[in-house]
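Residue numbers (the numbering used here), protein chains in the order written: chain A, 311 to 947; chain B, 7 to 231.
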Amino acid sequence: MILTGFLCSLVLCFSAAAAETEQKLLGDESDGSRAHPIHLIPLSAEPSEEGAEPIKIDPDIDPEEEVLLPFSTRRTCGDCHSYGLIKKGWHFSSVDPNAQAGRPGQPWIYVDARTGTQIPLSYRPWPGTFRPEQFGLSDRQFTKIFGRQTPGGGAGETEDPDEPMRQYVSGKLEINCLSCHNGDPRQDQGGPTGYAVQISRGNFRWAAAASSGLASVKGSADDMDEMYDPFDPFAVETAQSGKTKPPTITYHQNVFDHEKNVFFNILREVPSHRCYFCHSNLYLGQQESEKWSADEDIHLKAGLSCVDCHRNGIDHNITRGYAGEEKTSSNELAATSSCQGCHLGESSSSDPVAGRLGAPVPEHRGLPPVHFERLTCTACHSGPWPAAEPHVSKTSMAHRLGTPNVNKAREMLPHIASPVFARQSDGKIAPHKLVWPAFWGVLKDEQIEPIALATVTKIIGELLSSENFPFSGDWPDLTADHIVKGLTSLASDNSVEGKPVYVSAGKVYGLDDAGELLRDNAHSAAEPYLWPIGHDVRPAAQSLGVRYCTDCHATDAPFFFGDVTIDSPIAAARGVKKMIEFQDLGRFFTWVFAFSFVFRPWMKIIVLASCAVLAVVLLLYALKALSCVVKVLAARD
Amino acid sequence: MLRIAKWEPNDMFRTISIVAFLVTVGGMALNCIISPCKECWRHPVRKLVQLFTLLLIEQKLSPVGVLRKLVYLLALLCFIVLAVTGFYPTLVLGEHISGYLVMVHATFAPIFAICLAVLAVMWARHCRLARGDWPWFQRAVQRVTLVKSADDEARCESSGLGQKIAFWLIIFLALPLALSIVLSMYPLFGTHWQELLLAIHRYTALVFALAAIVHTYLLIRTRTK
Numbered sequence: 311m312i313l314t315g316f317l318c319s320l321v322l323c324f325s326a327a328a329a330e331t332e333q334k335l336l337g338d339e340s341d342g343s344r345a346h347p348i349h350l351i352p353l354s355a356e357p358s359e360e361g362a363e364p365i366k367i368d369p370d371i372d373p374e375e376e377v378l379l380p381f382s383t384r385r386t387c388g389d390c391h392s393y394g395l396i397k398k399g400w401h402f403s404s405v406d407p408n409a410q411a412g413r414p415g416q417p418w419i420y421v422d423a424r425t426g427t428q429i430p431l432s433y434r435p436w437p438g439t440f441r442p443e444q445f446g447l448s449d450r451q452f453t454k455i456f457g458r459q460t461p462g463g464g465a466g467e468t469e470d471p472d473e474p475m476r477q478y479v480s481g482k483l484e485i486n487c488l489s490c491h492n493g494d495p496r497q498d499q500g501g502p503t504g505y506a507v508q509i510s511r512g513n514f515r516w517a518a519a520a521s522s523g524l525a526s527v528k529g530s531a532d533d534m535d536e537m538y539d540p541f542d543p544f545a546v547e548t549a550q551s552g553k554t555k556p557p558t559i560t561y562h563q564n565v566f567d568h569e570k571n572v573f574f575n576i577l578r579e580v581p582s583h584r585c586y587f588c589h590s591n592l593y594l595g596q597q598e599s600e601k602w603s604a605d606e607d608i609h610l611k612a613g614l615s616c617v618d619c620h621r622n623g624i625d626h627n628i629t630r631g632y633a634g635e636e637k638t639s640s641n642e643l644a645a646t647s648s649c650q651g652c653h654l655g656e657s658s659s660s661d662p663v664a665g666r667l668g669a670p671v672p673e674h675r676g677l678p679p680v681h682f683e684r685l686t687c688t689a690c691h692s693g694p695w696p697a698a699e700p701h702v703s704k705t706s707m708a709h710r711l712g713t714p715n716v717n718k719a720r721e722m723l724p725h726i727a728s729p730v731f732a733r734q735s736d737g738k739i740a741p742h743k744l745v746w747p748a749f750w751g752v753l754k755d756e757q758i759e760p761i762a763l764a765t766v767t768k769i770i771g772e773l774l775s776s777e778n779f780p781f782s783g784d785w786p787d788l789t790a791d792h793i794v795k796g797l798t799s800l801a802s803d804n805s806v807e808g809k810p811v812y813v814s815a816g817k818v819y820g821l822d823d824a825g826e827l828l829r830d831n832a833h834s835a836a837e838p839y840l841w842p843i844g845h846d847v848r849p850a851a852q853s854l855g856v857r858y859c860t861d862c863h864a865t866d867a868p869f870f871f872g873d874v875t876i877d878s879p880i881a882a883a884r885g886v887k888k889m890i891e892f893q894d895l896g897r898f899f900t901w902v903f904a905f906s907f908v909f910r911p912w913m914k915i916i917v918l919a920s921c922a923v924l925a926v927v928l929l930l931y932a933l934k935a936l937s938c939v940v941k942v943l944a945a946r947d
Numbered sequence: 007m008l009r010i011a012k013w014e015p016n017d018m019f020r021t022i023s024i025v026a027f028l029v030t031v032g033g034m035a036l037n038c039i040i041s042p043c044k045e046c047w048r049h050p051v052r053k054l055v056q057l058f059t060l061l062l063i064e065q066k067l068s069p070v071g072v073l074r075k076l077v078y079l080l081a082l083l084c085f086i087v088l089a090v091t092g093f094y095p096t097l098v099l100g101e102h103i104s105g106y107l108v109m110v111h112a113t114f115a116p117i118f119a120i121c122l123a124v125l126a127v128m129w130a131r132h133c134r135l136a137r138g139d140w141p142w143f144q145r146a147v148q149r150v151t152l153v154k155s156a157d158d159e160a161r162c163e164s165s166g167l168g169q170k171i172a173f174w175l176i177i178f179l180a181l182p183l184a185l186s187i188v189l190s191m192y193p194l195f196g197t198h199w200q201e202l203l204l205a206i207h208r209y210t211a212l213v214f215a216l217a218a219i220v221h222t223y224l225l226i227r228t229r230t231k
């Protein structure tokens with residue numbers, strides 16, 4: 311009886327929970343109007359205790375009684391939009407083990423020239439990347455370093471079991487809806503007191519409000535003691551009088567109306583310049599030196615915005631836009647948001663779907679169809695025009711472009727090369743960005759795990775402290791001797807379990823029993839990490855092959871024979887690798903095939919001339935046959 | 007499935023090709039059985055030697071005759087190479103021609119085209135259709151037109167109707183065969199037409215190959231009699 315009652319109540323509870331999950335909020339579903347939405351709403355803050363009611367923000371409170379808190383997007387926006395649903399979106403789901411990883415994408419790259427480290431990190435299981443915890447980074451530490459160029463959520467919102475008090479002080483980095491959707495020109499992602507800076511100060515709770523253009527935030531949560539209580543007015547007042555200041559918020563005048571509501575200029579369609587804060591690319595070739603000397607993506611110039619192709623619903627499951635995405639994405643537009651989807655449409659569709667958004671249907675005149683089997687669209691159309699050496703590439707996520715005090719030197723780490731034409735998992739060759747991992751690790755059971763950042767910083771940082779580090783942020787010139795010393799120091803440290811190794815330039819360096827340096831050239835952990843690029847798309851008139859086949863099929867064409875620099879802090883290990891080595895193609899064959907294009911015009915002439923002779927002979931004898939017929943018929947008369 | 011990804015090894019072509027080759031070989035075998043070469047059964051070694059000597063250049067040949075034979079032998083070699091490199095990947099491996107095969111194919115193709123042009127010039131008169139080649143047809147024409155044969159019309163040297171038809175078929179098919187692939191190399195045709203041109207090349211090559219096999223078979227039959 312008791313058991314039955316328990317089971318019944320359990321079923322009821324689950325039903326209620328399910329109903330709650332499925333319940334749609336006011337803003338979860340559009341009524342179909344394409345008009346600009348008006349958001350005149352009250353602000354709410356996160357309470358100090360989990361499960362408590364949100365705190366309504368009143369700028370006129372008595373600071374001796376209450377603390378003026380930053381608004382919480384979860385509580386403010388989440389009133390009408392299901393926060394739990396949005397959290398599953400691509401930009402926020404990296405820490406979710408059930409989220410589909412999809413095609414390998416850009417990793418977060420931790421760099422430290424002082425320890426010879428350049429390591430690709432990701433919460434997604436992309437081969438070649440390491441999870442931040444493998445590198446000894448907690449979610450909080452990760453967020454502090456890389457949260458600057460995220461729209462919040464993800465690792466910024468997970469519980470921190472190691473430092474719960476520190477998390478209480480700084481708060482969680484909630485999804486910052488305004489990072490993308492704020493139409494207010496004052497939205498400050500990368501300014502001196504903007505989003506990025508607030509995150510670096512540990513002001514996770516304050517970051518969204520500080521960057522919204524509605525308030526200003528001073529102080530730093532990182533400067534506060536772990537016992538500091540940001541909800542206690544006395545603690546705040548006490549801390550204010552100290553040398554280091556606690557994070558405090560001041561809402562700008564006239565932000566609140568007479569009913570304590572605030573107007574948000576929310577844009578449903580995110581403007582491209584918002585995307586650019588995290589997704590800018592700078593390609594530094596021989597010609598291009600700065601942003602202004604390179605063209606933007608042709609789609610933007612044609613009047614489209616990023617979200618015209620990269621679309622999502624309330625679940626924020628945005629389309630990434632690559633061919634085959636529909637296999638892993640539940641977004642209904644995943645199949646039609648790729649290059650082919652817009653420009654060619656689906657052949658299985660009963661309606662004409664090619665040419666969406668005015669996309670021209672390509673003719674590809676003179677291009678043998680085999681190219682479509684072996685190349686992605688981006689191979690010919692995306693990224694900078696290939697040069698003898700791939701361009702030095704900078705990205706917002708890797709080089710924190712758009713944030714204060716960026717080192718603008720060309721040599722600044724991480725060193726990313728692009729375009730590198732490499733074969734991807736579907737067998738097609740696509741342009742990629744490439745980074746060579748360099749890190750200290752341990753070899754255990756043939757697997758290499760990176761050594762925790764703190765250990766490396768302590769041991770290797772001290773060891774290399776006397777070296778000359780270029781002001782440009784480039785690698786120092788390390789020698790084999792440095793590596794031997796580093797490995798010896800790590801081996802003698804008790805915190806390092808296993809055989810210490812150093813991974814760099816595609817090789818694994820270790821010490822033998824006699825203390826001599828060994829080099830292993832074939833370990834998967836040392837392989838460069840590559841991720842395919844989609845942008846910037848060049849116009850058709852600038853696509854590869856537009857001039858002649860020899861754009862690629864020449865004996866010195868960068869597409870096959872470009873020199874990809876092998877990047878390493880070890881001066882002697884630097885070198886080049888031919889592009890074709892990333893394509894699983896025979897170098898000799900490709901060279902001979904390219905060489906054959908020298909004779910291609912001759913071949914055409916010979917065959918056409920032969921055809922002309924054949925045609926003349928055929929015509930001649932056809933006329934003779936006709937003559938016979940005419941004679942036969944004429945003889946009757 | 008998107009339109010751009012539709013270009014894949016054509017199973018239908020594979021089936022048609024295999025059936026066509028089997029039918030042709032079967033037809034030739036049947037011909038051997040129905041119209042057997044008695045000498046071949048009596049003196050097989052002698053016939054094999056005779057067959058082999060067909061590849062040699064006879065001393066009695068004039069310089070033009072030597073050239074004609076050399077060109078023919080070269081064309082035969084090119085045909086074998088082109089047929090193997092072209093059909094092997096499609097029919098045996100079930101994939102498109104690629105790699106070294108495509109390079110060998112493209113190298114021998116222009117040589118073959120030149121040979122065909124030379125052979126067309128040199129053999130056309132020899133292979134023109136004459137009244138004697140098809141008396142049944144002549145009779146049919148006479149019945150329809152009520153015209154009797156003119157005695158003043160010189161009769162051509164007959165080399166067998168089948169052989170002649172095969173020759174003219176080869177010359178005729180060589181045009182779409184060569185043009186379909188050469189024109190696809192110029193920026194004239196879009197993807198859809200490129201696919202069509204490739205299909206034309208494939209199917210023309212099949213019929214061409216069958217015609218060439220039949221022509222060679224008939225030539226051997228004629229010469230070894």
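Idealized CB from N, CA, C, for every residue including glycine.
Can you find a CB in chain A that lies within less than 8 Å of the CB of A218/B? no
Which value, in whole angstroms, describes the spacing of the CA atoms of G138/B and I176/B? 22 Å
Could you check if Q563/A is buried or exposed, using at least 16 other CB atoms within 10 Å of its CB as the buried criterion? exposed
Taking only the alpha-carbon atoms, compute the straight-line gap between I726/A and L744/A and give it to the nearest angstrom. 5 Å
With S814/A and T765/A assumed to form a contact (beta carbons below 8 Å), what rounded beta-carbon distance in angstroms separates them? Not a contact, Cβ separation roughly 18 Å.
Name the DSSP beta bridge partners of G760/A, please? Looking at the sequence itself, residue 760/A is Pro, so the reference to Gly does not match. For P760/A, which the question treats as bridged, DSSP gives the partners G751/A.
Quick check: R424/A and F779/A, are their CB atoms within less than 8 Å of each other? yes
Expressed to the nearest angstrom, what Euclidean distance is found between the alpha-carbon atoms of A160/B and C938/A? Confidence in A160/B is poor, its pLDDT being 46 and thus under 50, which makes the residue's placement unreliable; the coordinate value appears in the next sentence. Using only the alpha carbons, I get a separation of about 12 Å.
Could you please give the first and the last residue of the uninterrupted beta strand (DSSP E) stretch that includes L592/A? N591 to L594
Check whether chain A comes within 8 Å of Q169/B, counting only Cβ atoms and requiring the distance to be less than that. no
Classification of E163/B by the beta-carbon crowding that lies within 10 angstroms, buried from 16 upward: Confidence at E163/B is low in this model, with a pLDDT of 47, below 50, so its placement is unreliable and no value can be given for it.
So, does the segment 834-850 of chain A touch the segment 685-694 of chain A, judging by three or more C-beta pairs under 8 Å? yes
Counting Cβ pairs, one atom from each stretch, are 3 or more of them under 8 Å apart for the segment 514-521 of chain A and the segment 556-574 of chain A? yes
CB contact below 8 Å: A925/A versus chain B: yes
Whole angstroms is fine: what's the gap from R20/B's alpha carbon to I40/B's? 30 Å
Measuring only the C-alpha atoms, how far is S507/A from T713/A? Correcting the residue identity first, residue 507/A is Val in this sequence and not Ser. Their backbone Cα atoms lie some 8 Å apart in a straight line.
Taking 8 Å as the CB-CB limit, is G665/A close to chain B? no
When you compare the CB of E201/B with every CB in chain A, is at least one pair closer than 8 Å? yes
Got a sec: is the Cβ-Cβ distance from A172/B to anything in chain A below 8 Å? no
Contact set between the segment 890-905 of chain A and chain B, restricted to residues whose Cβ is under 9 Å from the partner: G896, F899, V902 and F903
For a cutoff of 8 Å on Cβ pairs, would you count F214/B as touching chain E? The structure shown contains no chain E; its protein chains are A and B.
Between F93/B, H198/B, V72/B and P50/B, which lies nearest to L654/A when the distance is taken from Cα to Cα? H198/B
Cβ of N16/B within 8 Å of any chain A Cβ: no
I'd like to know if S190/B contacts chain A, where contact means its C-beta is closer than 8 Å to some C-beta of that chain. yes
Mind listing the chain B neighbours of R675/A? Cutoff is C-beta to C-beta under 7 Å, in chain order. P193, L194, F195 and G196
At the level of alpha carbons, what is the spacing between E443/A and D449/A? 8 Å
Using a beta-carbon distance below 8 Å, is L350/A in contact with chain B? no
So for H742/A, helix, strand or coil by DSSP? strand
Distance between beta carbons of V617/A and E579/A, contact taken as under 8 Å: 5 Å
Do L483/A and F514/A have their C-beta atoms within less than 8 Å of each other? yes
In the DSSP output, what is F573/A paired with across the bridge? L350/A
Quickly, what does DSSP pair R366/A with across the bridge? List them, please. Sequence inspection shows Lys at residue 366/A; the Arg mentioned does not correspond to that position. The partner list for K366/A (beta bridge, DSSP) reads S354/A.
Using a Cβ-Cβ cut-off of 8 Å, state whether P662/A counts as contacting chain B. no
Residues of chain B with CB closer than 7 Å to the CB of Y931/A, please, in chain order. A130 and R134
Using the DSSP secondary-structure output, state which residues sit across from N492/A in a beta bridge. I576/A
Neighbourhood of K53/B by C-beta distance below 8 Å, restricted to the same chain and skipping five residues each side: C43, E45, C46 and T230
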